[in-house]
Amino acid sequence: MKNICGTLAPQAGGGVNISVPCPICGENASEWKYGFKRCSACGIVYFSEKGELSPAPSYERLNEKQIYFSSNVNIFSGWLERLEKIIGSGKNLLDIGCAYGDFIKLALSRGWTAEGIEISPEMAGHCKSSGLKVYDKDILELNLAAGSYDVITMWAVLSLVREPQPELSEAFRILKPGGLVLVRDYNFLFHKLAVSLQNTGFWKLFNARPGILHNWNFTPKSIKFLLKKTGFENIKIINSRPTTGDPYATGGRLGSGFVSVFKNLYYFVSQMVYFVSFGRLLISPSLIAIAKKPNTCRGSIY
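With this note's numbering, the residue at position 18 of the sequence shown is 44, and numbering never jumps.
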């Protein structure tokens with residue numbers, strides 16, 4: 027039986043590290059770095075001060091919006107095609123955290139019925155002025171009808187929310203039986219190393235900061251556990267293709283050209299590691315997780 031007030035574990039240097047139950051899997055989570063806690067079992071790393079949340083990326087100037095879209099369009103288009111092969115075209119889609127609605131626009135152009143959720147007033151206003159159907163409240167406040175959607179997508183959103191489990195549970199509720207959830211988010215297995223290296227040697231010289239830490243930093247194991255805990259089945263997690271260019275300006279003085287080459291080379295290496303390990307090791311900077319809400323028909327959908 028776990029002590030919900032925390033257990034004490036010795037720290038290097040003679041101090042005390044307070045261990046608390048992991049909010050994802052329930053095992054022990056203890057202090058890591060920079061105010062984050064890390065679970066020893068599922069590997070999730072989360073910001074322990076719930077009053078402070080990482081801000082969502084902001085793209086206030088037109089050229090920044092265009093950079094964001096152009097960096098993601100290949101990923102968006104590729105996954106729309108893949109979703110159509112799995113579940114068919116012309117379905118109902120909800121994009122949670124839709125930003126300026128780029129993914130919704132692509133889905134609409136391919137015959138989907140698509141709408142979004144965006145809590146940023148500036149981004150939601152832009153979507154509405156473009157004629158898109160977008161809700162400007164948190165999904166937990168909307169009370170959308172159960173079984174409304176065939177597909178729900180979350181592009182780099184789950185790492186930013188206050189609590190991922192309620193968000194996924196609500197997504198599960200409003201999905202139709204047999205519906206799909208698609209999550210793309212950062213892979214802590216990569217960003218842990220990137221954060222530790224970015225203040226040293228080559229990276230420091232060029233002011234490059236490839237490591238990203240948000241409120242929730244998922245490993246393949248932790249995101250799979252979370253989806254399974256929510257009730258999803260047929261969970262598949264793979265390396266995500268990289269965005270093009272350097273939309274978040276992480277390359278510093280190296281420039282977007284170098285960053286693009288590096289990302290593509292590293293993705294190739296990540297895929298080789300994935301295949302050699304028979305899908306057990308995923309080291310790409312971002313992950314794609316896709317899962318199904320159960321229905322009466324069992325079996326793999328991929």
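Just so it is clear, CB atoms sit at the ideal spot from N, CA and C, and this is done for glycine as well.
P311 sits in coil when the DSSP states are folded into three classes, being neither helix nor strand. Segment contact: the segment 301-313 against the segment 185-203, fewer than three CB-CB distances shorter than 8 Å; contact not assigned. Looking at the backbone, the Cα of Q191 and that of S155 are separated by about 32 Å. When rounded, the separation of the alpha-carbon atoms in E167 and D121 is 16 Å.
With a threshold of 16 other beta carbon atoms within 10 Å, E107 falls short and is exposed.
Distance from the CA of D176 to the CA of G52, rounded to the nearest whole angstrom, comes to 31 Å. A residue is called buried when at least 16 other Cβ atoms come within 10 angstroms of its Cβ; V207 meets this threshold and is buried. Residue pairing by DSSP places I264 opposite I314 in a beta bridge.
When C-beta atoms of the segment 60-76 are compared with those of the segment 238-250, three or more pairs fall below 8 Å, so the two segments count as touching.
As the crow flies, the alpha-carbon of L134 is around 43 Å from that of P47. An exposed status is given to M298, since fewer than 16 other beta-carbon atoms sit within 10 Å of its beta-carbon.
Look at V183 here: in three-state DSSP terms it is coil, with no helix or strand label.
For a cut-off of 8 Å, the C-beta gap from S286 to S296 is around 15 Å, too long to register as a contact. Contact annotation, T256 with F198: C-beta distance approximately 5 Å; criterion of less than 8 Å satisfied. In the structure shown, Y212 adopts extended strand secondary structure according to DSSP, grouped into three states. Taking all protein chains shown into account, R64 has 16 or more neighbouring C-beta atoms within 10 Å of its C-beta and is therefore buried.
When the beta-carbon positions are compared, M180 and V160 stay at least 7 Å from each other. Comparing C-alpha distances from D128 to each of I113, G157 and G114 shows the shortest one belongs to G157. Cβ neighbours of S174 within its own chain (closer than 6 Å, five residues either side excluded): I200. A direct Cα-Cα distance of roughly 24 Å separates L219 from K262.
Assigned with DSSP and collapsed to three states, T276 falls in coil, not helix or strand.
Within the model, the alpha-carbon separation for G283 versus E259 is close to 40 Å. Comparing C-alpha distances from C124 to each of I165, G116 and K111 shows the shortest one belongs to I165. In the assembly as shown, L291 is an exposed residue. Its beta-carbon has fewer than 16 other beta-carbons within 10 Å.
Around the CB of R188, fewer than 16 other CB atoms lie within 10 Å, so the residue is classed as exposed. At the C-beta level, W242 and Y72 come within 7 Å of one another. Here DSSP, grouped into helix, strand and coil, assigns A150 to helix.
Distance between L252 and K318, taken at the CA atoms: about 13 Å. Going by DSSP, K250 is part of the alpha helix (DSSP H) stretching over P246 to T256. For the set S146, A150, E141 and R267, the Cα lying nearest the Cα of L170 is the one of E141. Exclusion of the five residues before and after E144 leaves G123, C124, A125, A150, C153, V160 and D162 as the residues of its chain whose Cβ lies within less than 7 Å of its Cβ.
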